[in-house]
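**Student:** Handing you this structure, nothing more for now.
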Amino acid sequence: MLNQLNLDTITGLSEQEATYKLKREGFNELPSSKQRNILAIAAEVLQEPIFLLLVGCGAIYIFLGELQDALILLGFVFFIMGITLYQEQKTEHALEALRDLSSPRASVIRDGQQKRIAGREVVRGDMIILAEGDRVPADATLLSCTHFTVDESLLTGESVPVRKVVQHGNTFIQRPGGDDLPFVYSGTLIVAGQGVAEVTSTGIHTEIGKIGKALQTVTPEETLLQKETGQLVKKLAIVAIAICVAIIVIYGLTRGNWLNGFLAGLALAMAILPNEFPVVVTIFLALGAWRISQKRVLARRMPAVETLGSATVLCVDKTGTLTFNQMSVNQMFAQGEVYHLNQHEREPLPETFHQLVEFSILASQKDPFDPMEKAFKNLGNDYLANTEHLHNDWNLIHEYPLSPHLLAMSHVWQSPTGADYIIAAKGAPEAIADLCHFDSTQMQQLAQKITQMANAGLRILGVAKAYFQHTALPGEQHDFNFEFLGLVGLADPVRPTVKAAIQECYTAGIQVVMITGDYPGTAQNIARQISLEPSNQVITGSELEQMDDSELSRRIKTVNIFARVVPEQKLRLVNALKNNGEIVAMTGDGVNDAPALKSAHIGIAMGGRGTDVAREAADLVLLDDDFSSIVEAVKLGRRIFDNLKKAMAYTLAVHVPIAGMSLIPVLFKWPLVLLPIHIAFLHLIIDPACSVVFEAEPPEINIMRRPPRNPKEPLFSQRTLGLAVLQGVGILLVLLIVFATALCRGQGELDARALTFTTLIIANLSLILTNRSWSRTIWEMLRSRSRRVSPEPSQNVVLWWVLGGALVFLAFVLYLPLLRHLFRFSILHPIDLAICFTAGIMSILWFEQMKILYRNKRASI
794 MLNQLNLDTI TGLSEQEATY KLKREGFNEL PSSKQRNILA IAAEVLQEPI FLLLVGCGAI
854 YIFLGELQDA LILLGFVFFI MGITLYQEQK TEHALEALRD LSSPRASVIR DGQQKRIAGR
914 EVVRGDMIIL AEGDRVPADA TLLSCTHFTV DESLLTGESV PVRKVVQHGN TFIQRPGGDD
974 LPFVYSGTLI VAGQGVAEVT STGIHTEIGK IGKALQTVTP EETLLQKETG QLVKKLAIVA
1034 IAICVAIIVI YGLTRGNWLN GFLAGLALAM AILPNEFPVV VTIFLALGAW RISQKRVLAR
1094 RMPAVETLGS ATVLCVDKTG TLTFNQMSVN QMFAQGEVYH LNQHEREPLP ETFHQLVEFS
1154 ILASQKDPFD PMEKAFKNLG NDYLANTEHL HNDWNLIHEY PLSPHLLAMS HVWQSPTGAD
1214 YIIAAKGAPE AIADLCHFDS TQMQQLAQKI TQMANAGLRI LGVAKAYFQH TALPGEQHDF
1274 NFEFLGLVGL ADPVRPTVKA AIQECYTAGI QVVMITGDYP GTAQNIARQI SLEPSNQVIT
1334 GSELEQMDDS ELSRRIKTVN IFARVVPEQK LRLVNALKNN GEIVAMTGDG VNDAPALKSA
1394 HIGIAMGGRG TDVAREAADL VLLDDDFSSI VEAVKLGRRI FDNLKKAMAY TLAVHVPIAG
1454 MSLIPVLFKW PLVLLPIHIA FLHLIIDPAC SVVFEAEPPE INIMRRPPRN PKEPLFSQRT
1514 LGLAVLQGVG ILLVLLIVFA TALCRGQGEL DARALTFTTL IIANLSLILT NRSWSRTIWE
1574 MLRSRSRRVS PEPSQNVVLW WVLGGALVFL AFVLYLPLLR HLFRFSILHP IDLAICFTAG
1634 IMSILWFEQM KILYRNKRAS I
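When we follow this note's numbering, the leftmost residue of the sequence shown carries the number 794, and every step to the right adds one.
What follows is the structure, given as structure tokens:
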């Protein structure tokens, strides 16, 4: 029996032994799709259309005898490849970090200490602790167990869970299947009970590992957003190819130079193809999930990163999420007397309460996992040490577990010298009163005491005892003749970060709903502490049963506290909120929470105390079980979507003037402005800007002061699309004016191209700066960084590298003779530079002015 195996006597492996075995035998994981190495990433990069176009242009230059142009163009190929490899490697590292975090957790004993580690770090010889709702991390042999049943359908196809027993003697591990085996197998699910097992096989040597090679063929599914942008790119690519073919034909027929026509067509293809879109989405989602993990929230499914920002309701457990889940006994009631424990000044415990504490410990596990049972054990150690009320030498004979029909559990004990069995029961006060066969008068008196304790914010358990002669034990707890001993009230302090996080939710237009198994009074007391509103209305689980769906949908609009709720009712609450049009985030930790977690738009499992079943059903895993981490994740979700929208708008906007300046000169028989080498240079700025620069942007000041976004809002809404096109057209008009003015003044092709290209670079950099925020001006953004005016000042280091690098490269191509010749420029004088800078900045001033007007308009409403 588990209780006969004292965890304090198990030392397990040392960390040094575990590390050695991990290095020698490898991680405990199944064969899967391998992480892409740098060569694989490079091979994928080379298949991108933009690189194929650059190589094609280089080949034409070689054919024309322009070796220098070809070499510099191919040099850009490698330079852009380097930038892309950096971005892809950063994404891959983020994904690898998430893989480590998302590895199923395992509870092991090492160096005599119980700890939770990633399942992939379990090694042969580890002592693992298994409990209801856990996934078994590796094949193992049971050393101890209590009422232990396992669902092995994953391996055997058996429709019902199988019973497990403790190993006796040296038995070789057998294939799974059938009852009464002392072995558990990796990937199977603990349905009931708990146990301790010694790992015998890990990774590919486990039963599931032997059939795991099929996983190597599994590829991650794209998100809806990735599919949407992929389809957009395909449509634009078809349009781009059609226009490019037309340009090649027009240029060849009107000017008789087909090779230059091909160069013009390829340049236009490079200008139009928005190949950055899929890359941007992938990088944002991967790095977004990684950033959320830094807030102690693991994104198990990438779409959850997108959905977070649109959450309108957060449904949260009280225990462990709003509170610490670190219980301590605060008050006791026995024989009509109440005793308040003073945590600071420990006084001798009155004899009246000794038996209540004694049997609360006997009704718990000897080495408890549950915070309440730990509180009982600590209470006994503090007040009853060295007395006859602690029984380390008693033997546990049988356990009657908690059930949905009776929220109480009983342990049957036998003392070394005793003639009778001693039974200790604990559970919900109503269930204990039921076991003790209370009449209506007794129930009414007990209810009054429960209400008083619950209103003090305490979690309440009843305790009872019984004796039974040495005959066959009955099948149910009801068959014992229990005697009521009293009530124990436990306090669980509220996390200090919760109150501020609740207020932030209200400011952001997010409703917070508390769901708890505690009494209404306890729930309301906690609600008042954290300023959850309204705190005067509660719906209990029993009331919930009496409501039809329409009444529940109506009531749930105004009630935020649900008490005495059983896990199965969470699913009904989620569906009621969804029927009201809410976007629901739901927390849960138990096996029974899995349906609600799956049904919610965003299922959030508890990482610390949650079961593996809950974690597998959830989209997010709360690694520290703290409510404020959920709020931080919502904030990051909004930031990710905001920045993704800005990056997409910038990418679309910058392609408009590039495409326009590639197309219009051909149609009007002007000298070509942009050659392939110029567009390759522009991609040195565009590629990192649209991905890592915008991804790293801090959130808008009002990000948690506005209502949640509509989840049906497309990335390219009419407003976003309109702003992007207007920005692009504004820059294009300025470039056409600069180019046409230079030609009209007779400055020549080289002068006109240098002026126009320099203006385009400055306009491009200005476009990056203006799109960093759609509410604050460039000046305000720069000032907030230097003066810390913003609550979250910008620390976007990549931005300054991109801006500085672009200006340095521009100086090189303008003033180094070799590069100036290759780019077909003439030298620009200070007055020319002033014109370019002024024109480039002027191209986005209208958008800066629009920000101010829009902000003033909102302020006046």
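Where a beta carbon is used, it is the ideal one built from N, C-alpha and C, also for glycine.
1. Which stretch, first to last residue, makes up the beta strand (DSSP E) that contains F1126?
2. Please confirm if the segment 1405-1415 is in contact with the segment 1073-1081, defined as three or more CB-CB distances below 8 Å between the two stretches.
3. Counting only the same chain and skipping the five closest in sequence on each side, list residues whose C-beta sits under 7 Å from that of E1585.
4. Would you call the segment 1233-1241 and the segment 1174-1187 touching, i.e. three or more CB-CB distances under 8 Å?
5. Let me confirm a value: L1052 is counted as buried when at least 16 other C-beta atoms fall within 10 Å, else exposed. Which label applies?
6. Rounded to whole angstroms, how far is the Cβ of V992 from the Cβ of V915, which I believe are closer than 8 Å?
7. What's the call for N1564, buried or exposed, on a 16-neighbour Cβ count within 10 Å?
8. With a threshold of 8 Å on Cβ separation, who are the neighbours of I966 within its own chain once the five nearest residues in sequence on each side are excluded?
9. Inspect the beta-carbon positions of S937 and G986 and report whether they are closer than 7 Å.
10. Can you give me the C-alpha to C-alpha distance between G1334 and L1239, rounded to a whole angstrom?
11. Nearest to L1460 by CA position, among I910, L1061 and I922, is which residue?
12. Which one of L1477, L1575, A1446 and R1538 has the shortest CA to CA distance from T1513?
13. How about N1436 and F1509: are their beta carbons less than 7 Å apart?
14. With DSSP as the reference, label D1544 as helix, strand or coil.
15. What does a CB cutoff of less than 7 Å around I1451 pick up in its chain, not counting 5 residues either side in sequence?
16. DSSP state of K908, grouped into three classes?
17. Per DSSP, D1110 forms a beta bridge with which residues?
18. Which residue's Cα is closest to the Cα of L1558: W1594, E1506, P969 and I1216?
19. Three Cβ pairs or more, each shorter than 8 Å: is that satisfied between the segment 1274-1289 and the segment 1101-1110?
20. Roughly how many angstroms lie between the CA atoms of K1644 and T812, to the nearest whole one?
21. Helix, strand or coil, according to DSSP, for D1418 in the structure here?
22. Do three or more CB pairs link the segment 1308-1317 to the segment 1346-1362 at distances below 8 Å?
23. Measure from the alpha carbon of F820 to the alpha carbon of each residue in S807, K1505 and I997, then state which is nearest.
24. Take E1425 as the anchor and find which of E1297, T1114 and K1371 has the nearest alpha-carbon.
25. Please state the DSSP three-state secondary structure of S1328.
26. When DSSP builds the beta bridges, which residues end up paired with K1219?
27. Taking a contact to mean a Cβ-Cβ separation below 7 Å, would you say I786 touches G1173 in this structure?
28. Can you tell me where the beta strand (DSSP E) holding E1130 begins and where it ends?
29. Below 8 Å on the Cβ atoms is my guess for R1252 versus T1300; work out the distance and round it to an integer in Å.
30. Measure how close the beta-carbons of V1109 and I1303 come, nearest whole angstrom, since I'm counting them as under 8 Å.
31. First and last residue of the beta strand (DSSP E) that includes F1355?
32. Contact defined as beta carbons within less than 8 Å: I believe L1528 pairs with F1618. What is the distance between those atoms, to the nearest angstrom?
33. Is there contact here, the segment 1115-1122 with the segment 1162-1169, by at least three beta-carbon pairs under 8 Å?
34. Report the rounded CA-to-CA distance for R917 versus G905, giving the unit in angstroms.
35. Throw me the rounded Cβ distance for the F1420 and A1265 pair, which I believe falls under 8 Å.
36. Kindly give me the distance between the Cβ atoms of V1287 and I1332, rounded to whole angstroms, as I take these residues to be in contact under 8 Å.
**Tutor:** Concretely, from the data shown:
1. S1121 to A1127
2. no
3. Confidence in E1585 is poor, its pLDDT being 46 and thus under 50, which makes the residue's placement too unreliable to answer from.
4. no
5. exposed
6. 6 Å
7. buried
8. D932, T934, F976, T993 and S994
9. no
10. 20 Å
11. L1061
12. A1446
13. no
14. helix
15. A1064, L1467, I1472 and L1475
16. strand
17. I1308
18. W1594
19. no
20. 57 Å
21. coil
22. yes
23. I997
24. E1297
25. coil
26. M1202 and V1256
27. Since the first residue of the chain shown is 794 and the last is 1654, residue 786 is not available in this structure.
28. E1130 to H1133
29. That pair is no contact at about 30 Å.
30. Not quite, the Cβ-Cβ distance comes to about 11 Å (not below 8 Å), so this is no contact.
31. I1354 to A1356
32. Contact flag wrong, Cβ pair sits at about 15 Å.
33. yes
34. 17 Å
35. With a Cβ gap of about 49 Å, F1420 and A1265 do not count as contacting.
36. At roughly 22 Å, the Cβ-Cβ gap does not stay under 8 Å, so V1287 and I1332 are not in contact.
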